[in-house]
Amino acid sequence: MDIEDFKDQNELVLQTLKDFSNITTNLPNILILGSVGLTSHTQNVNYYRKIKDIDTIADMAYRSEIEDQLIERGYSRSTFIGRSMPFSNILIRYSSNRYTRFFKQDSCDLEILFTPFIYDKGRLRIELFPKFYASIPEKELIETELLGIKFNSLSAESLYAVKQLTHNSFGRIYKDDIQKRTLDHQALM
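Per my numbering, residue 672 is the first one in the sequence shown, and the count goes up by one each step.
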């Protein structure tokens, strides 16, 4: 896919990314991961593909502010925990308000995990699932951009490690999109 096809096929993603970026410009503890984070690193080797949603992690301290501004812009809120998701019963009990999905007409889904950002000894610690934490060296947190839209994400190396972890764990449960995930890994290498 070339850049023009990417823009055409991801018009709603890019508009939603702009909305979210405008809301969170002055908030430091926001990370955009997933396909958007991936493409910010692979655009320099012309690796583009269709993106279905935007995956983010945001500091719990900003939850009300982010939710209020998204709702003000016409987004509706739900959870992204589905019955087919591993550990869905635990996650729903644990806190479905931490695993949020925002959506509106003419946008893509914006999935936000709200969790405390804890900085200690040069590392960021975030809780991904109940009692399952990720510890990321602060030097791996970077500002990046996708077609001029700036946001915070992980370095290409850390994003590759996250992709490998999810591919080798949840990828064994979710059998779809294996070829897409394999191409993503190759583009990051």
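C-beta atoms are modelled at their ideal positions from N, C-alpha and C, and glycine is treated no differently.
Please name the residue in the options whose C-alpha comes closest to that of residue i.
i    : options                : result
D724 : S778, Q740, V833       : S778
A861 : F803, N717, I701       : Nothing can be reported for residue 861, as the shown portion of the chain is limited to 672 through 860.
A805 : R796, E811, L812       : R796
F800 : I807, D726, T786       : T786
T815 : S747, K802, L704       : L704
S706 : N681, N693, Q776       : N681
R744 : N693, F803, I820       : N693
S735 : N715, Q714, T695, I722 : T695
Q714 : Y790, R794, K678       : K678
So residue i and residue j are supposed to be a Cβ contact under 8 Å. How far apart are they, rounded?
i    : j    : result
H712 : A827 : 4 Å
I783 : T727 : 5 Å
I813 : K689 : That belief does not hold up - the Cβ atoms of I813 and K689 are roughly 20 Å apart, past 8 Å.
Would you kindly report the start and end of the unbroken beta strand (DSSP E) that includes residue i?
i    : result
I807 : 803-808
F774 : 770-774
R796 : 794-800
Assign residue i to buried or exposed, taking buried as 16 or more other Cβ atoms, counted over all protein chains shown, within 10 Å of its Cβ.
i    : result
N823 : buried
F691 : buried
E738 : buried
K834 : buried
D676 : exposed
Just to confirm the assignment, what range does the alpha helix (DSSP H) spanning residue i have?
i    : result
N693 : 682-695
E743 : 734-743
L702 : Premise fails: L702 lies in the beta strand (DSSP E), 701-703, not in any alpha helix (DSSP H).
So, using beta-carbon positions, are residue i and residue j closer together than 8 Å?
i    : j    : result
L818 : L685 : yes
D780 : R772 : yes
E811 : L825 : yes
L830 : G708 : yes
Y719 : I674 : yes
Y774 : D730 : The sequence shown places Phe at residue 774, not Tyr. No, the Cβ-Cβ distance between F774 and D730 is not below 8 Å.
Any Cβ of chain C within less than 8 Å of the Cβ of residue i?
i    : result
S806 : No chain C is part of this structure, which consists of one protein chain only.
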